[in-house]
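Below you'll find the structure, written out as structure tokens, and then a few comments.
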């Protein structure tokens, strides 16, 4: 190390900096514009990322894209990677059928071949590109040694838990749905779950793969899947969507989830009578209306519905009476409608487009996820994550709801539930049926009315929202505490627009608190104290640096080297300045 520093000291500082930046700069993909797009893509294979610099998913994907560019150029695989900035060249992106960002599209000899729909992991992308290039490579000479036969994993034919490792992990996920447990042998909760997991595999025999990964033996797999604690349960859908299971871990709860998640994404119904029966039974119901001749739209919807993991159910019909009943225009080839609170007369949301506009999987996914939460619900260990941290598909932006949260007890739970349902019904009427809170005059964000048992969660609510209960407090509705929560940013409000406590017995007090919190007229409070926020900030920064080093090890090395060079240079200057001051001091006559 001293020899290296001595060598670096002997070089001019400007030369060192120039050399470092020359080596550290990443390989850049070609930027395409309307002026050079057709000419550039006219010959050969082109894999093009359509992106926006303002897109959160694009920013997250950038390190992977840079690595993919480096891989394709260094391997000489014969495919060109390029980018189109849709914030600047929107017309070009529209012409290429871009509906969301980032979207990768394959072109061959100037013609669009397909839109890439797989996961955006580096290994999956490289496998996809290799497969596209393969037909253009010269045929291989036949080898005397036969290629080993690749056998696709079976769908839990023996009713046993499938042990996953580096050899079979990716193939298992690509073959179909799988419910995977990530664990460590020393973890007490993992040991407790183990017999239940075996029972689940037996119950789901011939239906769903039940698998497990030992994270002590398979650190690479667990790291690639972002596993942070044990046991972690993840469901991998047929469409490649990875969703964390956060529900209860009793056998009946795991079994109910597995049955729903692995069932068909859509169910056909005949008409209004069947629909009304479903709405009467279920809190949230989706209805997809389509023309009988348009099979492409139904296929897209069916694929998108996998993100729901079986709940809510999407009912499909082409009955014209339902088009008429819900005033769907005659030129609309499809309509997607959401019903809540057992109300079949006023949909909370409707999605349809004119005939010229074809829906995409991303649009469907976002809409299905955005409307899946019931208007009213009790927050428990099983429902908390689904309400406060709703799931999102890889390409779909889902806005977390504002949650009106009230306290309840074993003595007044039914009264609180009934009151919340009444408030939700009035809120729905206030918002024209949508249930969305208006911001700048436009419906924008879903509102959920929920309650928590203060006897079980009192300490948690006190720490998070400063909800405190006096010793002489009763279970009367007038004593119920209410807060409006934005859990996505850990903020809340306990006052309405009059700056007084939110009154559970006053709908107008609750409505003004919702609208004030959403519009910024009410200043929200932090759920965390200053120390917790600082710790979270530092933790996020550390994770960000860790992710950068993981994806850019060489760049990180050069950055560290650059810091060392700067420190050496600064130390040299300090010594030089000190020597000059000593020289001036010795030269003085006094």
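Residue numbers (the working numbering): 6 to 595.
We put the CB at the ideal spot given by N, CA and C, even for glycine.
The model shown is predicted, which means the values in this text are computed figures rather than measured ones.
| Asked | Found |
| --- | --- |
| Assigned exposure category for residue 575 - 16 Cβ within 10 Å defines buried | exposed |
| Under the three-state DSSP convention, the category residue 351 falls into | coil |
| For residue 498 and residue 17, the rounded distance between their alpha carbons | Residue placement at residue 17 is poorly supported in this model, since its pLDDT is 47, which falls under 50; the coordinates still yield a value, given next. Their backbone Cα atoms lie some 59 Å apart in a straight line. |
| Residue 405 beta carbon less than 9 Å from that of residue 492 | yes |
| Own chain residues within Cβ distance below 8 Å of residue 273, not counting five before or after | 320, 321 and 322 |
| Coil, strand or helix - residue 291 by DSSP | strand |
| DSSP-derived helix/strand/coil call for residue 484 | helix |
| Reduced DSSP secondary structure (H/G/I, E/B, other) of residue 450 | strand |
| DSSP three-state assignment for residue 61, whether helix, strand or coil | helix |
| Residue nearest to residue 85 in terms of C-alpha spacing, selected from 125, 562, 93 and 34 | 34 |
| Opposing strand residues paired with residue 88 [DSSP bridges] | 36 and 54 |
| Range covered by the beta strand (DSSP E) that runs through residue 237 | 237 to 241 |
| Per DSSP, cross-strand counterpart(s) of residue 344 | 290 |
| Exposure label - residue 547; buried when at least 16 CB within 10 Å | exposed |
| Opposing strand residues paired with residue 217 [DSSP bridges] | 168 and 186 |
| The segment 338 to 348 in contact with the segment 69 to 83 per 3-pair CB rule at 8 Å | no |
| Three-state secondary structure assigned by DSSP to residue 478 | coil |
| Buried/exposed call for residue 577, threshold 16 Cβ in 10 Å | exposed |
| Inter-residue Cα distance where the pair is residue 146 and residue 91 | Note that residue 146 scores 42 on pLDDT, short of 50, meaning its location in the model is unreliable; the coordinates nonetheless yield the value given after this. Straight-line Cα distance between these residues: approximately 44 Å. |
| Neighbour-count burial assignment, residue 88, 16 or more Cβ in a 10 Å radius | buried |
| Outcome for residue 501 when other beta-carbon atoms lying within 10 angstroms are tallied against a minimum of 16 | buried |
| Residues bridged to residue 498 (per DSSP) | 489 |
| Boundaries of the beta strand (DSSP E) in which residue 439 is found, first to last residue | It is not in any beta strand (DSSP E) - residue 439 carries neither H nor E in the DSSP assignment. |
| Cβ-Cβ distance between residue 102 and residue 43 below 9 Å | no |
| Residue from 209, 366, 378 and 242 with nearest C-alpha to residue 167 | 209 |
| Sub-9 Å separation of residue 161 and residue 213 beta-carbons | yes |
| Cα-Cα separation between residue 253 and residue 486, rounded to whole angstroms | 27 Å |
| Alpha-carbon spacing of residue 377 relative to residue 435, whole angstroms | 21 Å |
| Assigned exposure category for residue 81 - 16 Cβ within 10 Å defines buried | exposed |
| Three-way DSSP call (helix, strand, coil) for residue 272 in this model | strand |
| Inter-stretch contact (C-beta, 8 Å, three-pair minimum) for the segment 343 to 355 and the segment 306 to 316 | no |
| Residue 578 - DSSP class collapsed to helix/strand/coil | helix |
| Rounded distance between the beta-carbons of residue 327 and residue 276, thought under 8 Å | 7 Å |
| Pair within 9 Å by beta-carbon distance, residue 440 and residue 380 | yes |
| Backbone secondary structure at residue 1 - three-state DSSP | Limits of the chain in this structure are 6 at one end and 595 at the other, which puts residue 1 out of reach. |
| Proximity of residue 108 and residue 65 at Cβ, strictly below 9 Å | no |
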